[in-house]
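Numbering (our numbering), first residue to last: 915 to 1361. Beta carbons are placed, not taken as given, at the ideal position from N, Cα and C, and that holds for glycine. Everything numeric in this text was worked out from a predicted model, so none of it was measured.
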């Protein structure tokens, strides 16, 4: 039977052997770390990132610090501008970047621009494919929702910062960065109810109005700043009747220089102006008796139909098969032809909302043709009014422009491995082995 001394001696030898093994493990791990430090980095395989609740930022940080030779982003929605530009910067730095999506990303576009209206509204135009609901809002909250997307146009009296259109796979954003310079509107007509209430409607809407109203042969009553008819002085010219004949040549030149003209009633027959009109002037049609007070008040007004609209004319309003309002571009300007000649009857004999409706209708006609030069607003870079950052008016188009079209991920490609993982394992093994050896030696009294 072995004595206690022999057993202690055997345990001591086993312990010393274990300490040597631990020291060997530590030295081997340190040698492997040294070898990895000297060896050139191996080319990395395809690195795959998937957008999740945390977004792409963690993957983009990893790609930036340890750039793979190829990277593929799997996107469940169009990325925000910062992430898209980050990926594009990685592509320009040498990483082969591609992307795909497990579902179809909806094409969308949104733009905001000031309207040529005196109260300074903003017109928002949106197009979204896919048929999914789209919500529209700004920094103050939700504005509207389109249940099936599609194309839409909103006119907003006020906007708080960036306007966003959000769907299932995109968030498009825009901001109106321009304003308009609106000059007065010149009204030319004969003394009567139509001239009186057309001027009144525009002034009530906020337009500055200059007018020349004929009260008798060679006798005219004028208002506001009058002078040569050109774009430096007027935003638009309204010719209500044949009293504008003496200015027909100047009006034609004004249109070709970029101005806007509204030809009401039979004014489209005037000499040089007739060549600019959207069509001919038909025989006057009487309005439907009593319709002025109905839900379709303009059916109760007399009208000179727009006969045989020109090929480039855009029909804006009809009464049955008869064209009542049409417009066209002439050189740099716009011409709108409205056959209505007694719209004052709508204002005077219509319902409770007739005055407001008459005012807004005339304002829209003028707004459609008004010459209103853009004035760039002072801005700081691409920072929007609510400080969020650059806008993204067409997310999918911008993504394809920056990174190219989507390309399916090849399942045969190996995914990248984390090169730092083995380094961490070797370091931990070396440290653990050294600590265990040191602890064992201390416990048995050795140094």
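- [ ] Check residue 1168 in the structure and name its three-state DSSP category.
- [x] helix
Task: Three-way DSSP call (helix, strand, coil) for residue 1013 in this model - done: strand
TODO: Might you give, ordered along the chain, the residues of its own chain that have their beta carbon closer than 7 Å to the beta carbon of residue 964, omitting 5 neighbours on each side?
DONE: 988
TODO: Measure the alpha-carbon distance for residue 1228 versus residue 1182 and round it to whole angstroms.
DONE: 16 Å
- [ ] Within 10 angstroms of the Cβ of residue 1264, are there 16 or more other Cβ atoms? Answer buried if so, exposed if not.
- [x] buried
Open item on the list: Tell me which residues share the same chain as residue 1037 and place their Cβ nearer than 6 Å to its Cβ, disregarding the 5 neighbours each side in the sequence.
Closed with: 1027, 1029, 1069
Task: Proximity winner among 1343, 994, 1156, 1283, relative to residue 1104 (alpha-carbon distances) - done: 1156
TODO: Assign residue 985 to buried or exposed, taking buried as 16 or more other Cβ atoms, counted over all protein chains shown, within 10 Å of its Cβ.
DONE: buried
Open item on the list: Which same chain residues end up closer than 7 Å to residue 1332 when comparing Cβ atoms and leaving out the 5 residues on each side of it in sequence?
Closed with: Caution applies to residue 1332, whose pLDDT of 49 falls short of 50 and renders its modelled position unreliable; the value that the coordinates give is listed next. If we look at residue 1332 and ignore the five residues flanking it on each side, it has no Cβ neighbours.
Open item on the list: I need the boundaries of the beta strand (DSSP E) containing residue 1059, first residue and last residue.
Closed with: 1055-1060
Open item on the list: Taking 7 Å as the limit between beta carbons, can you name the residues of its chain near residue 1166, skipping five residues before and five after?
Closed with: 1186, 1187, 1190
Task: Of the listed residues 1210, 1232, 1177, 1309, nearest to residue 1250 (C-alpha basis) - done: 1177
Open item on the list: Would residue 1353 and residue 940 qualify as a contact pair, given that the criterion is a beta-carbon distance under 7 Å?
Closed with: no
Open item on the list: At the level of alpha carbons, what is the spacing between residue 929 and residue 1357?
Closed with: 11 Å
Open item on the list: Could you give the first and the last residue of the continuous beta strand (DSSP E) run that contains residue 1041?
Closed with: 1036-1042
- [ ] Look at the alpha carbon of residue 1175 and the alpha carbon of residue 1128, and state the distance between them as a whole number of angstroms.
- [x] 19 Å
Task: Close-in-space but distant-in-sequence residues of the same chain around residue 1216 (CB under 8 Å, 5 per side omitted) - done: 1198, 1199, 1200, 1201, 1254, 1255, 1256
Task: Contact set for residue 1022: own chain, Cβ-Cβ below 6 Å, skip 5 residues either direction - done: 1042, 1084, 1086
TODO: Would you check if the distance between the CB atom of residue 1073 and the CB atom of residue 1280 is smaller than 7 Å?
DONE: no
Task: Beta-ladder partner(s) of residue 1285, from DSSP - done: Paired residue(s): none; residue 1285 is not in a bridge.
Task: Segments assigned beta strand (DSSP E), at least 3 residues, entirely inside the stretch 1165-1246 - done: 1174-1178, 1228-1233, 1236-1244
Open item on the list: For residue 1317 and residue 1002, which I take to be in contact (beta-carbon distance under 8 Å), what is that distance rounded to the nearest angstrom?
Closed with: 6 Å
TODO: Could you spell out the range, first to last residue, of the beta strand (DSSP E) harbouring residue 1117?
DONE: That residue, residue 1117, is in no beta strand (DSSP E); its alpha helix (DSSP H) goes 1107-1119.
Open item on the list: Can you give me the C-alpha to C-alpha distance between residue 936 and residue 1349, rounded to a whole angstrom?
Closed with: 9 Å
Open item on the list: What does the alpha-carbon distance come out to for the pair residue 1242 and residue 969?
Closed with: 49 Å
- [ ] Can you have a look at residue 1339 and say buried or exposed, based on whether 16 or more other CB atoms are within 10 angstroms of its CB?
- [x] exposed
Open item on the list: Please identify the residue among 1123, 1346, 1320, 1146 whose C-alpha is closest to the C-alpha of residue 1019.
Closed with: 1320
Task: Backbone CA spacing between residue 1044 and residue 1064 [nearest angstrom] - done: 8 Å
Task: Outcome for residue 1081 when other beta-carbon atoms lying within 10 angstroms are tallied against a minimum of 16 - done: buried
Open item on the list: Can you tell me whether residue 1381 is helix, strand or coil according to DSSP?
Closed with: In the structure as shown, the chain begins at 915 and stops at 1361. Residue 1381 is therefore absent and cannot be evaluated.
Task: Buried/exposed call for residue 1252, threshold 16 Cβ in 10 Å - done: buried
Task: Sub-7 Å separation of residue 1033 and residue 1149 beta-carbons - done: no
Open item on the list: Could you pull the DSSP bridge partners for residue 1104 from this structure?
Closed with: 1128
- [ ] With DSSP collapsed to three states, give me the class of residue 1019.
- [x] coil
- [ ] Evaluate residue 1052 with the Cβ neighbour count: other Cβ atoms within 10 Å of its Cβ, from every protein chain shown; 16 or more gives buried, anything less gives exposed.
- [x] buried
Task: residue 1194 vs residue 1159 beta-carbon contact at 7 Å - done: no
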